[in-house]
Structures are given as C-alpha cells and as structure tokens.
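Beneath this line is the structure, given in structure tokens, with notes to follow.
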Amino acid sequence: MNKTDALIIGAGPTGLFTAHQLKLIGLDCEIVDNLDKIGGQCIELYPDKPIYDIPAVPECTGEELTNNLINQLKPFDIKFHLNERVDEIKKENDNWFVKTNNGSEFLTPNVIIAGGVGSFEPRKFPVKECENYENKSLFYSVKNKKIFEGKTVSIFGGGDSALDWAVELSNNSTVNLIHRRDDFRGAQATVDKVMSLAKDGKINLFTKYQMASIKGNNELESIDIKNDDKEIKTLKTDYVLGFFGLIMQLGPIANWGLNINKKTVEVDTEKFETNQKGIYAVGDICNYPGKLKLILSGFHEGALAARACFKLARPNEKYRFEFTTSSKTIKDRLGVKGD
Amino acid sequence: MPKITYITHDNKNHTIEVQNGLSVMEGAVQNDIPGIDADCGGGMACATCHIYIKDEWFDKLPAKEDGEEDMLDMAYEPKKNSRLSCQIIVSDELDGLIVNIPSKQG
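If you read the sequences in order, they're chains R and E. Counting from 407, one number per residue, gives the positions in the first sequence under the working numbering. Counting from 4, one number per residue, gives the positions in the second sequence under the working numbering.
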C-alpha cells in the first residue's frame, strides 16, 4: 500500500506541472499513467508538432515540452507508475483508496485527475465477433512471441508496429500482412524489408483489404478480408494481430460517482474539486463555465488544485503563500542556493 | 455562409451554416452535431473526426495530405470516400457539401 499526500492520474503536461506545484508547497505525490511513457497526448499524439501558445516559449514540440517539464521535476523525488490504469476509487474514512489494473494500491486524501480525454487504449477491429477471440487468438499487442512459432499469423495495419512484427514473425511463422491501401506509413527501411520478404514469399501481402469477418467455433479458424470492390478472400489463420494505434477512452473514470458531462468532469473554479471532496480534475478533462482546452489552462488549474490538497493532507497546518524568487523554504526544496 | 449537411449514423440530416475558414469538424463541434469526437482538437493526430464524403463531392475537395491518409489507417471502418473533417476548410465552393458521420469514431 502506497501512502501519499496526493495521487495524480495522468502524466501529461498538466499532471507533471501539478506534481511540481505539490512538491513546491511541500506535499508528496505519485503519478499513474496508462501509457508506457511520460508525456500524455503531447508524446503520444504530437511529439514532433510545434506548439506556439505556451507562455514565454515561442515554439516547442510536444516532446520538447514534455522533456522540459520532466527537467523541471528533477529536484524532486516523484514515483511514476506507468503502464497502469486506475480502475477503482473508493472512500475509506478520510482517505481515498485507489487501485490500478496492475494491483498497485494507494491511500491518499487527494486524487487529482489529469487524464486528458481519458486513457489511451488500443483501437480495435470494427468486426464485433473479434471480441470473442480477444486475448486468446486475437491481440492488439504482443506479450509473448513464442506462441506464434510454426503457426499462421494474420497481421493488420500499415505502421511500424505491424511492419516490425511482420518482419520478426516471418522468421518462424507463416505471416499474412493485410493493409487497407498500397502505401505504408512505417519507416521506409522497414517497408523495403517487408516488400522484399513479400517478393521472396516469406510474407503474404494483401493490400487494399480490410477485415470482413472472423470465423471459428471455440478456436479461431479463418478470417475473411474484403477490398473496396467487395471482393472477399478467406485466409486460414491461427492468430490475428491488429495494430491501429491508440485511442483515448474515458474508461473507469465514468464509474467513480463524478458529475460527468460530454466526457468531461465538472469542477469548481476555486479548487478544481469535483462533486466528491478530495477528488479534483484539471486540464482537458475538467469542465467549468469558460473552460479553455489549452495547456496553459491546465497549469493554472493544477496550481490551484495543489493548494487545495494542502488542506486535506496537512489539516493541522496553515498554508502560507510564498514566491519561488524569495522563499528560503522553497529554495531548499528545489535544492538551490538562497541569496 | 456555406451550408453543410451532416448525416448522422441514425440517418438524421443536420444542415447548418458554417463560417468560411472553419473546418468541417469545427462546424460540427460548435453546433453540437453528435458523432465527431475530434479528441486532438484538429491536429490531424487522432482520426476521431472521420467522415464519409458524398460521392459527387469527393473529387471537388482539395486533395489529402500524406499525413491525413496515414491517420485514416487508424479510423474506424475507413472507406474510399473517407476524410478527416478537421482537414476540410469551409469556403463558398463547398456550399451544399454533404457528409456522413460513421457509427463510431474508434
């Protein structure tokens, strides 16, 4: 059981700066994020795209912004729990008990939801019956490649994940690679490799095709793929892999008794607290009159939520506002010398 | 102002006037037309503003950039006439445009 003054859900820019604000005023915090890396949408959706509206930063990419925020947290010891999604939150006396899908448990008076548009989850096949085979013979990521040895694997997608796995699995498996068009968006070197393996008959390439249906009794037997002209091909296959990138889903947040409106959480604008005492929402996921979905708004919201956390984490102390330019206490926390 | 017709998955027509310069995605979001999520806010980074263009309009639209086709790989049930609505900027030439919104965005 991890005990902390505040638990932040979401390691995007807002979550990171909120952590900074908490540490600056002397509170501990830990951060949980479902992605395998820090940075949220900035790192997952637009690492290379320039952002022009961060105050005092005329231009930076999503990746640069993330790296700068991580640098800003360097003086502090903050525990990140990546690859974990918070599934459950329940009240336990004056604290919130929080549990992730990985079994990590937290006890904290303050939970700050900085979850953007929700957690990133794999995009799935539109064919509904695929659910019946999910995590048995149909996967959206590879955890153990050994199971594919000597089997037929049908891989869908046109990006690096699909191409890399097609190349890798072609060593010991029969590989079908299916993509909706002739062009691939993966790295050119990998595309070239796939093309040459296809020419040598090591990969069976089906372009301009998509999944039409999936068949089998208990065990997966075959899939039908169709092209734009509705021509159908049946492929016998033992496994199916789909790589269509990630999408944001609100997920379990919907079950925590919060006031939710159009996938956002309603908060007040003093503490950014939800209808549940000690649960706050900041950044893109919060909603209040006049809300702007800008990174700079997330920073402001996080700074205020952090001050609100103080009251519940240190009920017997009084919060005193201090500037970083002049406070000896803050400078000590940052590990910088005073004047 | 150009009129755009959005047909939602349940076959309801929503015809609205959209200001020149806005994207077809913004026209939908600002008018509360359901079915366009636009998670990334118009950055061509999420494929959740996916729409189908009525055939007679498809070739009249400015061509896709490479990045748009890449994102459409991830869309839910992409077809030949798929576009990302954040990449279509409304102008007088698009007056009367008809688009279909898919059943899901992912």
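Note that beta-carbon positions come from the ideal geometry of N, C-alpha and C, so glycine has one too. Bear in mind that the values here come from a model prediction, so they are computed numbers and not experimental data.
Roughly how many whole angstroms lie between the Cα atoms of R/V646 and R/D439?
27 Å
Where R/G622 falls: helix, strand or coil (DSSP):
strand
Beta-carbon contacts of R/Q616 that lie in its chain and below 6 Å, excluding the five residues immediately before and after:
R586
Could you check which residue in E/L25, E/D76, E/I104 has the C-alpha nearest to that of E/L97?
E/L25
Would you mind sorting R/S567 into buried or exposed? The rule is 16 or more other CB atoms within 10 Å of its CB.
buried
Which residues in chain E sit within 8 Å of R/D634, going by Cβ to Cβ distance?
K82, K83
Is it a yes or a no for the region 518-535 of chain R touching the region 420-427 of chain R, going by three-plus beta-carbon pairs under 8 Å?
yes
Length of the line joining the Cα atoms of R/F650 and R/Y694:
33 Å
At 7 Å on the CB atoms, spell out the chain E contacts of R/M654, in chain order.
D42
Quick one: any contact between the region 653-664 of chain R and the region 631-643 of chain R, if contact means 3 or more CB pairs under 8 Å?
no
May I have the straight-line CA-CA distance separating R/K729 from R/T735, to the nearest angstrom?
With the sequence shown as reference, residue 729 of chain R is identified as Phe, and Lys is not the correct amino acid for it. Approximately 10 Å between the Cα atoms of the pair.
Reducing DSSP to helix, strand and coil, say where R/S510 ends up.
coil
Starting from R/P419, trace the alpha helix (DSSP H) in both directions and tell me its first and last residue.
419-430
Out of curiosity, what's the CA-to-CA distance linking R/P481 and R/L740?
5 Å
For R/S579, is the classification buried or exposed, using 16 other Cβ atoms within 10 angstroms of its Cβ as the cut-off for buried?
buried
Give the secondary structure of R/H706 by DSSP, where H, G and I count as helix, E and B as strand, and everything else as coil.
helix
How would you label R/I659, buried or exposed, when you count the other beta carbons within 10 angstroms and need 16 or more for buried?
buried
If the cut-off is 8 Å on Cβ atoms, which residues from the region 432-453 of chain R count as contacting chain E, listed in chain order?
Q447, L451, Y452
Can you give the beta carbon distance from R/L428 to R/D411, rounded, assuming they're within the 8 Å contact cut?
7 Å
Coil, strand or helix - R/D674 by DSSP
coil
R/A572 - DSSP class collapsed to helix/strand/coil:
helix
Boundaries (first-last residue) of the alpha helix (DSSP H) holding R/T735:
734-740
So, is the C-beta of E/G109 closer than 7 Å to a C-beta in chain R?
yes
DSSP three-state assignment for R/R713, whether helix, strand or coil:
helix
Does the separation of the CB atoms of E/N23 and E/S94 fall below 7 Å?
yes
Could you tell me how far apart the beta carbons of R/S510 and R/N408 are, in whole angstroms, since I believe they sit closer than 8 Å?
7 Å
Of all the options R/R713, R/I415, R/V533, which has the alpha carbon lying nearest to the alpha carbon of R/E436?
R/I415
If you drop the 5 nearest sequence neighbours on each side, which residues of the same chain put their C-beta closer than 8 Å to that of R/K642?
T558, E627, S628
Tell me, please, which residues DSSP counts as bridged to R/W502.
R/K497, R/T514
Beta-carbon gap between R/S560 and R/I609 smaller than 7 Å
no
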